[in-house]
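*Asks:* For reference, the structure I am asking about is given below.
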Amino acid sequence: MKKLALSETIGEVLGYDITEVNRKNNYKGVAFKRGHVIQEKDISLLQRIGKNHIYVWEGSESEIHEDAAARLLAPKIAGENIFFDAEPHEGKISFYSETRGIFKVDHKRLEQLNALAIPSLPTIHNNFPVTKGKQVAAFRIIPLTCSRDILNRMSMLVDESLISIKPYKITTASILVTGTEVHSGRISDDFTPILTDKLKQQGVDVTFSTILPDVKTEISQALQKAVAESELVLVTGGTSVDPDDVTVAAMKDAGVKFHEQGNPIQPGNNLTIGHVGLVPVCAVPAAALFFDKTALDIFLPRLLAGESITPNEIAKSGHGGLCHFCPKCHYPICPFGWGSS
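Counting the sequence shown from 1 gives a position; my numbering is that position plus 2.
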């Protein structure tokens, strides 16, 4: 591109989008698009937004314009269940989720791409839960142009797609509430409505629920029934380390396999994740009654997407695993629980 004084640009072709920022009108957007032929009437606006010189496009075989780079790389960056802008806006193309699920990004290649210093590709967190239409990434090159060599290096790094959405697979769940005090009616069942609402927000229907006394055989039999009738089972009550808590023992009797008991996240230390075959079964502690977000909310989206959570990932979740207990919860737009991602 060629740099010209503003007074010399009438009739020239603008080589890049020019942004106008007007704080008084709360506006930021494109004042002139790349390819616009500059006219005399445009000069006053260009002066008002601080342009004393303009770059006009001459064309070059060795240099690639920001819009062209974005158009070429966007289809390579986007993987399954990702859609993106049809055209660049100020040299940028944004990417969005096509479905409900969890966002996936290759950390290593993302770092390598951004380390080139020419491209910019910020994303949301890996494993972030998303709904349809959620923006998940935005690509642009930082200068107005880049060399073909840099373009080729970027292209090699995204030879396989860099980002994708893993859709939720689980659509049905069972809730087993344990505790003789609840079964007898001495205290009300608050777990079922809370967990039902939490699951509904993720598109999961509760197809079976029951309240059980602290009797191992009854809990075990009910769990076997729940596993046969749904794709996810949440079991509450008696999940701590008290000697008279029988729920986890009953779960083991029913065939639930656990990697380990508990996790380092607070609140929700005693959330324990297991499986019967391919069906995830979670022992949900009382913390879920008293706190809006707990360890259950950290791990639930990945379980719904059909992922197994490894002991190493559970151990890593301690970094950032202490809730900030904000007066108003904004999770998942919050650092809580992202250490395992």
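Glycine is no exception: its CB is placed at the ideal position from the N, C-alpha and C atoms. None of the values given here were measured: they were computed from a predicted structure.
Could you check what DSSP says for glutamine 137 in three-state terms: helix, strand or coil?
*Replies:* As a working note, residue 137 is residue 135 in the sequence shown. Strand at glutamine 137.
*Asks:* Counting Cβ pairs closer than 8 Å, one from the region 78-91 and one from the region 157-176, do we hit at least three?
*Replies:* Yes, since at least three Cβ pairs between the region 78-91 and the region 157-176 fall closer than 8 Å, the two stretches touch.
*Asks:* Three Cβ pairs or more, each shorter than 8 Å: is that satisfied between the region 116-127 and the region 136-144?
*Replies:* In short, these stretches touch, since the Cβ pair count reaches three.
*Asks:* Pairs of beta-carbons, one from the region 170-190 and one from the region 201-216, closer than 8 Å: are there three or more?
*Replies:* Short answer: they touch.
*Asks:* Can you give the Cα-Cα distance for valine 58 and serine 99, rounded to whole angstroms?
*Replies:* Your numbering for residue 58 matches position 56 in the sequence shown. Your numbering for residue 99 matches position 97 in the sequence shown. If I take the Cα positions, the gap works out to 36 Å.
*Asks:* Should the region 296-308 be regarded as contacting the region 168-175, the criterion being three or more beta carbon pairs within less than 8 Å?
*Replies:* Output reads yes: the region 168-175 touches the region 296-308.
*Asks:* Taking the straight line between their C-alpha atoms, what separation do you get for alanine 252 and asparagine 128?
*Replies:* Taking the first residue of the sequence shown as 1, we reach residue 252 at position 250. Taking the first residue of the sequence shown as 1, we reach residue 128 at position 126. If you take the alpha carbons of alanine 252 and asparagine 128, they lie about 35 Å apart.
*Asks:* Confirm, please, whether the CB-CB distance from phenylalanine 130 to isoleucine 104 is below 8 Å.
*Replies:* In the sequence shown, the residue the question calls residue 104 occupies position 102. In the sequence shown, the residue the question calls residue 130 occupies position 128. Contact: yes.
*Asks:* Answer with buried or exposed for glycine 68, where buried requires no fewer than 16 other C-beta atoms within 10 angstroms of its C-beta.
*Replies:* Within the sequence shown, numbered from 1, the residue matching residue 68 stands at position 66. It is glutamate, not glycine, that sits at residue 68 in the sequence shown. It counts as buried.
*Asks:* With distances taken from CA atoms, which of Ala285, Leu159, Leu201, Phe260 is nearest isoleucine 221?
*Replies:* The residue labelled residue 221 in the question sits at position 219 within the sequence shown. Comparing Cα positions, the closest option is Ala285.
*Asks:* Three or more beta-carbon pairs under 8 Å between the region 324-338 and the region 292-303, yes or no?
*Replies:* As far as the Cβ criterion goes, the region 324-338 touches the region 292-303, which means the pair count is three or higher.
*Asks:* Which residues in the same chain have their Cβ closer than 6 Å to the Cβ of threonine 174, if we skip the five residues on either side of it in sequence?
*Replies:* Taking the first residue of the sequence shown as position 1, residue 174 is located at position 172. Once the five neighbours on either side are set aside, the close Cβ partners of threonine 174 are Asp207, Thr209, Ser232, Glu233.
*Asks:* Between Leu225, Cys148, Phe293, which lies nearest to glycine 276 when the distance is taken from Cα to Cα?
*Replies:* Within the sequence shown, residue 276 is the residue found at index 274, counting from 1. Of the candidates Leu225, Cys148, Phe293, the one whose C-alpha sits nearest the C-alpha of glycine 276 is Leu225.
*Asks:* On the premise that leucine 273 lies in contact with proline 287, defined as a C-beta separation below 8 Å, what is that separation, rounded to the nearest angstrom?
*Replies:* As a first step, residue 287 is located in the sequence shown; it is residue number 285 there, counting from the start. As a first step, residue 273 is located in the sequence shown; it is residue number 271 there, counting from the start. At roughly 6 Å, the Cβ-Cβ gap stays under 8 Å, so proline 287 and leucine 273 are in contact.
*Asks:* Can you give me the Cβ contacts of isoleucine 12 inside the same chain, cut-off strictly under 7 Å, excluding the 5 residues immediately before and after it?
*Replies:* Against the sequence shown, residue 12 aligns to sequence position 10. Cβ neighbours of isoleucine 12 beyond the five flanking positions: Ile40, Gln41, Glu42.
*Asks:* Counting C-beta neighbours from all protein chains within 10 Å, is the total for isoleucine 20 16 or more, i.e. buried, or is it exposed?
*Replies:* Working through the sequence shown from its first residue, we reach residue 20 at position 18. Per the 10 Å Cβ criterion, buried.
*Asks:* Please determine, among Ala317, Pro313, Ile267, the residue with the shortest C-alpha to C-alpha distance to histidine 326.
*Replies:* Residue 326 sits at position 324 when you count from the first residue of the sequence shown. Ranking the options by Cα distance to histidine 326, first place goes to Ile267.
*Asks:* For tyrosine 269, I'd like the list of residues in its chain whose CB is within less than 7 Å of its CB, leaving aside the five on either flank, ordered along the chain.
*Replies:* Mapped onto the sequence shown, residue 269 falls at position 267. Note on identity: in this sequence residue 269 is proline, with tyrosine being the wrong assignment. Answer for proline 269: Ala289, Phe293, Thr296, Cys325, listed in chain order.
*Asks:* Take the Cβ of arginine 25 as the centre, count every other Cβ of all protein chains shown within 10 Å, and call the residue buried at 16 or more, exposed below.
*Replies:* On the sequence shown, position 23 is the one that residue 25 refers to. Exposed: under 16 other Cβ atoms inside 10 Å.
*Asks:* Give me whichever residues DSSP pairs with histidine 91 in a beta bridge.
*Replies:* Taking the first residue of the sequence shown as 1, we reach residue 91 at position 89. DSSP lists Lys94 as partners of histidine 91.
*Asks:* So, are the CB atoms of histidine 91 and valine 32 less than 8 Å apart?
*Replies:* Your numbering for residue 91 matches position 89 in the sequence shown. Your numbering for residue 32 matches position 30 in the sequence shown. Yes, they are a contact pair.
*Asks:* Does DSSP classify arginine 142 as helix, strand or coil?
*Replies:* Numbered from its first residue, the sequence shown carries residue 142 at position 140. Residue state, collapsed to three classes: strand.
*Asks:* Output yes or no for whether 8 Å exceeds the beta carbon distance between leucine 115 and leucine 153.
*Replies:* One-based indexing of the sequence shown puts residue 115 at position 113. One-based indexing of the sequence shown puts residue 153 at position 151. No.
*Asks:* In angstroms, rounded to a whole number, what distance separates the CA positions of leucine 201 and valine 250?
*Replies:* Within the sequence shown, residue 201 is the residue found at index 199, counting from 1. Within the sequence shown, residue 250 is the residue found at index 248, counting from 1. Straight-line Cα distance between these residues: approximately 22 Å.
*Asks:* Would you mind working out which of Pro329, Val138, Gln263, Ile45 sits nearest lysine 106, comparing C-alpha positions?
*Replies:* Taking the sequence shown and counting its residues from 1, one reaches residue 106 at position 104. If we check each option's Cα against that of lysine 106, Val138 comes out closest.
*Asks:* Per DSSP, which one or two residues make a beta bridge with valine 229?
*Replies:* Position 227 of the sequence shown holds residue 229. For valine 229, which the question treats as bridged, DSSP gives no partner whatsoever.
*Asks:* Rounded to whole angstroms, what is the Cα-Cα separation between aspartate 151 and glycine 17?
*Replies:* The residue you call residue 151 lines up with position 149 of the sequence shown. The residue you call residue 17 lines up with position 15 of the sequence shown. Taking the straight line from one Cα to the other gives about 21 Å.
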